[in-house]
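Every position in the sequence shown, counted from 1, becomes a number in this note's numbering once 1 is added.
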Amino acid sequence: MSTLMIAIIFAIIGGVLFTLIGIVSGSDETAVLVPFTLIVVLLGAPPEAVFAFFMSAILAKHLTHAIPTALMGVPGDTLAAPMLEHANFLRRIGLPHIALRKMISGGVIGAFIALPISLLFAMFLSQFGEFFQENSGIIFTAAAVLIGYFSKGRWVSVLLILPVALIFQGLGLISSTILDKSLSISFFLGIAIGPMLIDLLLATSRSARPMVEKKEMNEYKLAPEKKAWSGYFPNPFKVLTRKQAGQVAGTSFLSSFTFALSPVGMTSLMGELIGSRIKGQYKKATSSLATMNGVTESTYVAETIIPLVAFGIPLSPVTLGPASALFNAPPVYSTEPINNLHTMLEPIDFLVYGLIGLIIATLIAYPFSMNYARKATVFIMKKVNQEAIIGMFIGIVCLLAFYEGELTGVLVTFAVAVVGGMLNRFLGLGVGVQFMIYYGSSWMITTLLG
2 MSTLMIAIIF AIIGGVLFTL IGIVSGSDET AVLVPFTLIV VLLGAPPEAV FAFFMSAILA
62 KHLTHAIPTA LMGVPGDTLA APMLEHANFL RRIGLPHIAL RKMISGGVIG AFIALPISLL
122 FAMFLSQFGE FFQENSGIIF TAAAVLIGYF SKGRWVSVLL ILPVALIFQG LGLISSTILD
182 KSLSISFFLG IAIGPMLIDL LLATSRSARP MVEKKEMNEY KLAPEKKAWS GYFPNPFKVL
242 TRKQAGQVAG TSFLSSFTFA LSPVGMTSLM GELIGSRIKG QYKKATSSLA TMNGVTESTY
302 VAETIIPLVA FGIPLSPVTL GPASALFNAP PVYSTEPINN LHTMLEPIDF LVYGLIGLII
362 ATLIAYPFSM NYARKATVFI MKKVNQEAII GMFIGIVCLL AFYEGELTGV LVTFAVAVVG
422 GMLNRFLGLG VGVQFMIYYG SSWMITTLLG
């Protein structure tokens with residue numbers, strides 16, 4: 002079978018899978034994207050297919066995350082949280098379907114603008130790639146300090162960098178002594194599922210259960226669907242006004258250059274930038290939602306492509322979390338030495354297979370969200386147990402950790418998840434900071450501690 006056909010098949014799988022996952026409220030991007038991307042890599046898929054799968058997955062996920070956000074008032078994932086205020090306003094006046102249509106139409110436009118723009122910018126930055134590669138240790142350390150300072154924990158996050166680096170290196174030394182090889186997948190998975198695992202552990206602890214226990218059932222009121230177009234596939238440029246399409250295009254273009262900044266921060270910033278210039282709450286809400294969801298797509302695409310094409314090492318919040326498996330997935334991909342999609346694909350490959358992923362995700366997730374959002378939401382709420390989904394992710398993580406390091410790999414994953422999850426929940430040491438610490442831990446310990 003040709004590489005092109007394999008890429009198309011994996012893009013379809015990614016589109017279908019993450020269209021469904023996106024409907025589940027609170028499904029964290031890192032916790033769901035890392036395990037499934039690792040599975041695709043370890044199955045032996047060619048790099049073109051891996052990239053097409055990932056592009057399809059992120060677009061599908063960030064289109065359907067609009068469904069619980071707009072219809073239920075519950076954030077579909079972390080990136081949807083800044084949109085809740087505007088989405089809730091439209092729900093209160095009986096127009097959640099308008100919020101949904103604006104959000105997903107903006108998302109489609111944002112993704113297709115970001116791909117070529119970020120690729121061109123990455124090609125320009127690639128002339129500095131050797132410098133970044135040679136100084137990756139100190140760059141990761143500096144980035145950990147910077148991201149830690151601007152995270153929820155602020156100075157606590159900065160103070161915890163060296164102790165956490167010591168924990169990572171200690172676990173790495175113990176596991177390599179037992180297995181005669183180094184683990185990395187187990188560390189990635191542990192960091193990714195930490196917050197999710199801690200919630201499960203709190204729920205099973207008699208003393209900690211009151212922290213997560215709810216006394217009343219959640220109630221959601223869903224407005225009826227109102228279809229305002231003919232056919233199955235609506236035109237996103239007709240869903241948005243000309244002015245809104247221009248706003249989405251402009252903010253998506255700008256955010257395609259900001260690969261080192263937080264996607265959540267950029268989403269909030271661009272939404273406020275557009276909303277502050279509009280009078281009238283309805284116009285402000287619809288324009289802001291279209292813009293913000295467009296920026297969620299553009300930042301994810303740009304923050305994946307720019308470090309991947311220009312440097313080959315993860316230097317953005319997205320590549321340190323959801324896209325980390327595109328850089329490090331031993332024994333297939335690695336960053337020391339650099340042997341990943343950066344060295345395996347040419348810029349034209351990123352463009353072609355990125356477009357394949359985005360087009361297929363659009364063909365699957367966009368009409369699905371526009372036509373069946375309410376029915377899918379009702380089915381998920383009534384028939385799908387959220388704990389079962391979390392259990393499925395934990396099971397996949399155990400499988401991947403066992404594949405890499407047998408029982409030792411599983412124990413390392415859960416040790417990292419417990420430590421990282423507790424620090425994230427109670428002290429604000431975010432997942433992005435933890436990934437930076439892991440990548441820079443070897444340099445920190447050998448250089449700073451001798």
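Note that the Cβ used here is the ideal one computed from N, Cα and C, for glycine as well.
Between Lys216 and Gly429, the gap from beta carbon to beta carbon reaches 8 Å or more.
Residue pairing of Ser335 in beta bridges, as defined by DSSP: Asn340. The stretch 180-217 contains, as complete alpha helix (DSSP H) runs of 4+ residues, the segments 186-205 (chain order). Judged by beta-carbon spacing, Pro308 lies within the 8 Å limit of Pro315, meaning their Cβ atoms are closer than that value.
Cβ-Cβ distances below 8 Å link Ile13 to Ser57, Ile361 and Ile365 in the same chain, with the five nearest sequence neighbours on each side left out; the list follows chain order. Every alpha helix (DSSP H) stretch that sits fully inside the stretch 31-102 and reaches 4 residues is listed by chain position as 48-65 and 85-93.
DSSP, reduced to helix, strand and coil, places Ala324 outside both helices and strands of the structure shown, so it counts as coil. In the three-state reduction of the DSSP assignment, Ala330 falls in the strand class, which pools E and B.
Minimum Cα-Cα distance from Ala8 among the listed residues Glu30, Ala123, Ala46 and Met445 corresponds to Ala46.
Residue nearest to Pro97 within the set Leu290, Phe394, Asn341 and Thr344 is Leu290 (criterion: CA-CA distance). Burial is judged here by how many other beta carbons sit within 10 angstroms of a residue's own beta carbon; Ala209 has fewer than 16 and is exposed. In chain order, Ala32, Val398 and Ala418 place their CB closer than 6 Å to the CB of Ile194, counting only its own chain and leaving out the 5 sequence neighbours on each side. In the DSSP assignment, Asn294 falls within the unbroken alpha helix (DSSP H) covering Gln282 to Ala311. Judged by beta-carbon spacing, Ile391 lies within the 8 Å limit of Met197, meaning their Cβ atoms are closer than that value.
With distances taken between CA atoms, Thr447 lies nearest to Leu163 out of Lys383, Ala303 and Leu163. Counting the other CB atoms within 10 Å of its CB gives Lys280 a total below 16, which places it among the exposed residues. Within the model, the alpha-carbon separation for Pro36 versus Leu202 is close to 20 Å. For the pair of segments examined, the stretch 107-119 was found to touch the stretch 61-71: the number of CB pairs separated by less than 8 Å reaches three. Burial state of Val213 is exposed, judged by a 10 Å Cβ sphere holding fewer than 16 other Cβ atoms. Boundaries of the alpha helix (DSSP H) harbouring Leu5: Thr4 to Ile24, taken from the DSSP string. Bounds of any alpha helix (DSSP H) do not take in Gly429, whose DSSP letter is neither H nor E. For Asn236, the secondary structure class from DSSP, reduced to helix, strand or coil, is coil.
Counting C-beta pairs with one atom in each stretch, the stretch 74-94 and the stretch 322-337 have fewer than three that are closer than 8 Å, which means they do not touch.
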